[in-house]
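S.K.:
Residue numbers (the working numbering): 132 to 373.
(1) Distance, Cα to Cα, residue 133 vs residue 140?
(2) Terminal residues of the continuous alpha helix (DSSP H) containing residue 178?
(3) What residue range does the alpha helix (DSSP H) around residue 204 cover?
(4) Once you ignore the five residues that flank residue 269 on each side, which residues in its own chain have a CB closer than 7 Å to its CB?
(5) Give a yes or no on whether the C-beta atoms belonging to residue 271 and residue 248 are separated by under 9 Å.
(6) Determine which residues share a DSSP beta bridge with residue 353 and list them.
(7) My output table needs one value for residue 276: the three-state DSSP class, helix, strand or coil.
(8) What number of angstroms, rounded off, separates the C-alpha of residue 334 from the C-alpha of residue 373?
(9) Thinking just about the alpha-carbon of each residue, which of 174, 195, 201 and 193 is nearest to the one in residue 187?
(10) Confirm, please, whether the CB-CB distance from residue 266 to residue 288 is below 9 Å.
(11) What whole-angstrom Cβ distance do residue 363 and residue 306 have, given they're in contact under 8 Å?
(12) Please state the DSSP three-state secondary structure of residue 194.
(13) How do the segment 354 to 361 and the segment 308 to 325 stand: do at least 3 beta-carbon pairs fall below 8 Å, yes or no?
(14) Measuring only the C-alpha atoms, how far is residue 240 from residue 325?
(15) Comparing alpha-carbon positions, which option in 150, 337, 171 and 321 lies nearest residue 285?
Right, dumping it as structure tokens:
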């Protein structure tokens, strides 16, 4: 059979009909010298076909190859099959060294001996609004951590904590979770204060720092209210106010 590619040659150099031609060019004992040049050129072409993959031959793993003629089989032969041995690319996975935005809650659990996370520094979202505190103010905790009203308060107000206009805080939080938010309220010559707190529209009696509920504001300044909200059960919350 004419040897048209590298894999058709024998690793044994001696013996009947072994390596006696290159693509049907006779190189057997006693061959015409005139054919040797063509045989060598043809052999070089076969080597190039092996290198380029045109011949369809493969180089075994033991010889430094992959034993495959395509990438999928090569990865499988090498134990690098994507989705089996190696994690497949997924557009939902993000690079840890890039700026990323997450729309779902990320949970870092740590272990009994290792804390879940460490932040050298962090930013919090702030909403600055030229609004005067009065009436019932809906504080959407999914929008910001700090809400700043820059117009002077015009009356005492109720602050209602919720996830957003379409999501209750009860839905946004699980039992045993807490969130802390800040409300900054500008005051004029006549000061007002936060006289009631609700969560998802239901009244909650806060636990005030110092044990006494607020009864006044501070004129001509900015009052800073801090609330730590803990979900203790279904639609049940404790609010710690300072």
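Even for Gly, the Cβ is constructed at its ideal location relative to N, Cα and C. Computed from a prediction, not measured in an experiment: that's the story for all the values here.
M.R.: Here's the rundown:
(1) The count along the chain shown starts at 1 and reaches residue 133 at position 2. The count along the chain shown starts at 1 and reaches residue 140 at position 9. Distance between the alpha carbons of residue 133 and residue 140 is about 10 Å.
(2) Mapped onto the chain shown, residue 178 falls at position 47. For residue 178, the uninterrupted alpha helix (DSSP H) run begins and ends at 167 to 183, by DSSP.
(3) Here residue 204 refers to the residue found at position 73 when the chain shown is read from its first residue. The continuous alpha helix (DSSP H) containing residue 204 extends over residues 202 to 208.
(4) By one-based count along the chain shown, residue 269 stands at place 138. A distance below 7 Å between beta-carbons, with the five flanking residues on each side excluded, links residue 269 to the following residues of its chain, in chain order: 291 and 293.
(5) The count along the chain shown starts at 1 and reaches residue 271 at position 140. The count along the chain shown starts at 1 and reaches residue 248 at position 117. Not a contact, by the Cβ cut-off of 9 Å.
(6) Along the chain shown, read from residue 1 onward, the residue named residue 353 stands at position 222. Looking at the DSSP assignment, residue 353 forms a beta bridge with 317.
(7) If you number the chain shown from 1, residue 276 lands on position 145. In the structure shown, residue 276 sits in coil (DSSP, three-state: anything other than H, G, I, E or B).
(8) Counting from 1 along the chain shown, the entry for residue 334 is found at position 203. Counting from 1 along the chain shown, the entry for residue 373 is found at position 242. Straight-line Cα distance between these residues: approximately 18 Å.
(9) Within the chain shown, residue 187 is the residue found at index 56, counting from 1. Measuring C-alpha to C-alpha distances from residue 187 to each of 174, 195, 201 and 193 identifies 201 as the nearest.
(10) The sequence position of residue 288 within the chain shown is 157, counting from 1. The sequence position of residue 266 within the chain shown is 135, counting from 1. Contact flag set, yes.
(11) As a position in the chain shown, residue 363 is number 232, starting the count at 1. As a position in the chain shown, residue 306 is number 175, starting the count at 1. With a contact defined as Cβ atoms closer than 8 Å, residue 363 and residue 306 qualify at about 7 Å.
(12) Against the chain shown, residue 194 aligns to sequence position 63. Residue 194 falls in the helix class under three-state DSSP.
(13) Yes: at least three Cβ pairs fall under 8 Å.
(14) As a first step, residue 240 is located in the chain shown; it is residue number 109 there, counting from the start. As a first step, residue 325 is located in the chain shown; it is residue number 194 there, counting from the start. In a straight line, the C-alpha of residue 240 is about 36 Å away from that of residue 325.
(15) Counting from one through the chain shown, the residue named residue 285 turns up at place 154. Nearest in C-alpha terms to residue 285, of all of 150, 337, 171 and 321, is 321.
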